[in-house]
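Student:
Residue numbers (our numbering): 1035 to 1139.
Now the structure itself:
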């Protein structure tokens, strides 16, 4: 059985920081992830209700490499920023080692 993997969809500035440090951690201290893989930047923005179109997909990160989702357990994404939501998200205050990052644009 395949292991669950997690992704983070980010803009250029955060992607640059992640590559430089080798660590996935939001500057806010709360880092959101999704088990959903999106190939389209529009779909990622819509399903994750992101305020801006992401430029990079971070991951996959295997579930056994993820810290506990201590800020927010896995839940459906609600509409916000004029986006419909409908994806799945969870958040951690922990750090995650960079496994892979891909440009979406």
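The C-beta atom is built at its ideal place from N, Cα and C for all residues, glycine as well. Note that this is a predicted model, so its numbers are computed, not measured.
First and last residue of the beta strand (DSSP E) that includes residue 1137?
Tutor: Looking at the DSSP string, the run of the beta strand (DSSP E) that includes residue 1137 is 1135-1137.
Student: Going by DSSP, what residue range makes up the alpha helix (DSSP H) through residue 1078?
Tutor: Counting along the chain, the alpha helix (DSSP H) containing residue 1078 begins and ends at 1075-1081.
Student: Which of helix, strand or coil does DSSP assign to residue 1055?
Tutor: Helix at residue 1055.
Student: Is the segment 1124-1131 touching the segment 1057-1070 in the sense that three or more CB pairs, one from each, lie closer than 8 angstroms?
Tutor: A contact exists between the segment 1057-1070 and the segment 1124-1131.
Student: Going by DSSP, name the residue or residues bridged to residue 1124.
Tutor: Paired residue(s): 1067.
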